[in-house]
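Let me begin by presenting the structure, written as structure tokens, before commenting on it.
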Amino acid sequence: MSRANDSLAGADARGVSFPVTSRPVIDALDVTRAVVISQFLFAAGHLLTTGGFLYYFANALKPTATMFSVLLIVPELCEVVSLWCRPIIIRLGSRKRTWLCFFLLARFAALAIPLMAFPQFRFSNTVSFWIIVVALAVSSLCQSISYVAYLSWLSDIVPRKSFGSFFALRRLATLVIMVSIPYLTSLLRGDWSHWQSSDDIRWAYVTVFLTGGGLLLLTAIPLMRLPDIPVSWNEQEGRRTRWSRELLHTIWKNRPLRFVLISSWWLAAAQGLTQTVFYLFQTRYLHLPIGVYFLMAALMYSMQIPFNWIGGYLSDRIGDRGPLLISLPLVSLAMIFWLLATPEHPEWLYGAYAVWGLFGLINICERNLLLRVAPRSDNTIPLALSRGGGGVLAALAGLAGGALLDSLLTHNADAPHVAYRSLFVVSFILRVTAPLWLLKVTPRPQSPSYHSAQKSMPA
91 MSRANDSLAG
101 ADARGVSFPV
111 TSRPVIDALD
121 VTRAVVISQF
131 LFAAGHLLTT
141 GGFLYYFANA
151 LKPTATMFSV
161 LLIVPELCEV
171 VSLWCRPIII
181 RLGSRKRTWL
191 CFFLLARFAA
201 LAIPLMAFPQ
211 FRFSNTVSFW
221 IIVVALAVSS
231 LCQSISYVAY
241 LSWLSDIVPR
251 KSFGSFFALR
261 RLATLVIMVS
271 IPYLTSLLRG
281 DWSHWQSSDD
291 IRWAYVTVFL
301 TGGGLLLLTA
311 IPLMRLPDIP
321 VSWNEQEGRR
331 TRWSRELLHT
341 IWKNRPLRFV
351 LISSWWLAAA
361 QGLTQTVFYL
371 FQTRYLHLPI
381 GVYFLMAALM
391 YSMQIPFNWI
401 GGYLSDRIGD
411 RGPLLISLPL
421 VSLAMIFWLL
431 ATPEHPEWLY
441 GAYAVWGLFG
451 LINICERNLL
461 LRVAPRSDNT
471 IPLALSRGGG
481 GVLAALAGLA
491 GGALLDSLLT
501 HNADAPHVAY
511 RSLFVVSFIL
521 RVTAPLWLLK
531 VTPRPQSPSY
541 HSAQKSMPA
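According to my numbering, the sequence shown is numbered sequentially starting from 91.
Below, the structure is given as structure tokens:
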């Protein structure tokens, strides 16, 4: 797959030259070092404040499957607000400033979650659960805007020809943390779900959460040294306070971009359908403790490390479409292991988590393909459509999956495995068909400007 030219001149889809904004000289090593250090800190902090620790903490409040599915889908559902990232950047005048402001707001909102560990701040289990959901929602809303601004900012600092190796190295920092910290931390307490009856477990959770919050705050320090490159958009367009229907229409007319988005949305819905089902299958049907949960996750992230490097290598040298067409059907085979797992033989799930190691390649190539077919610099809306649209579909599918699971469990009370496995089969069909949309993406996608040739775009 061809890579976009990184010189200081460019052309639109019709081959007409357009002016670009000059950029400061940036040391690639400094950028990589700052981003990797920041990502190490962020991955550690994020891991200690979300995921297994948060889910086991909230599950102790005895929510229904439908209630718990709401908790799981909230971060993804909130991604849709990132569609407003562009007008916010216009209003604040900087992607770097937008990233930092909303990043700090997200950290502040999340502080309400550990307060629910203390009786004086708690009401009933149900009310406490919904307070956690609301706090997570506000934090996720702010984080989604922050992250899209951050990705767009980075895409203007890093040359397109190096997207693969750069984002692979950034992802490697996350994977190292995801492998090492969760299981080691889970060993500190035998069962985090018993925090309501144990002061030791309660304080252990609060300590872990506050430590994670502190690490998250530290992530901003290395990034503050990176240059605040302005967005290269037309002066008239830059003063608009909202994205327009015409702009969305122009994005949708970009054929490669359109089908990349559809494929990512399709996969997001397929994965969202089973996010509640997976968790409840492990905890309520297989009765796996948090230590096993993290051990399997560590296996998955360990497997993602080599595939992460492979994805970065292939992305920079042959493109992203081909690797995705091969890896997406293969990773769908993980559902077979979920179908085979039983309370007597839960070890089948290790096979599923091992196969999910392929997401190390998929995560790199999927984002890079989007960045390559989207316009440079003024790319927050394509990023938001991918994350926000996928998040909404995953959230709605997750909510539907939780509701369907409740209904199927009611009608199959004597055979709960039927309820779980029915949803596994549906998800498998959706997952394995997601890459078919990429067949409509041309092998050499272009990166046209949103606007006419007279409007400025960066190289």
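Each residue gets a CB set at the ideal place from its N, CA and C atoms; glycine is no exception.
None of the values given here were measured: they were computed from a predicted structure.
The beta carbon of R348 is closer than 7 Å to those of W342 in its chain, skipping five residues each way along the sequence. The alpha carbon of I267 has as its nearest neighbour, out of Y391, D318, S242 and V217, the alpha carbon of Y391.
Exposure of Q210 is indicated by the presence of fewer than 16 other C-beta atoms within 10 angstroms of its C-beta.
In this structure, the straight-line span from the alpha carbon of G142 to that of A133 is close to 14 Å.
Taking C-beta separations shorter than 6 Å and ignoring five residues to either side along the sequence, the partners of M393 in its chain run A444 and G447, following chain order. Looking from the CA of Y510, the closest CA among R315, W428 and L194 belongs to W428. When T156, F198 and A118 are compared, the shortest CA-CA separation from T139 is found for F198.
Within the same chain, and ignoring the five residues on either side of N469 in sequence, the residues whose Cβ sits closer than 8 Å to its Cβ are S242, S245 and L461.
When the alpha-carbon of V508 is set against those of A484, V382 and F371, the nearest one is in F371.
Looking only at A200, V125 and E437, the smallest Cα-Cα distance to G304 is reached by A200. In this structure, DSSP gives K152 a state outside helix and strand, which the three-state scheme calls coil.
Assigned with DSSP and collapsed to three states, S245 falls in helix. Approximately 18 Å separates the beta-carbon atoms of L498 and P433; this is outside 8 Å, ruling out the contact.
Taking C-beta atoms as the reference points, S172 and S234 count as a pair closer than 7 Å.
Under the DSSP assignment, S128 falls in the alpha helix (DSSP H) whose first and last residues are A118 to T139.
With 16 or more other Cβ atoms from the protein chains shown falling within 10 Å of its own Cβ, H136 counts as buried. Taking a contact as a CB-CB distance under 8 Å, the pair A202 and I221 counts as one, their CB atoms being some 6 Å apart.
C-alpha of D290 to C-alpha of R187: approximately 40 Å in a straight line.
If you draw a straight line from the Cα of V223 to the Cα of V217, it comes to about 10 Å.
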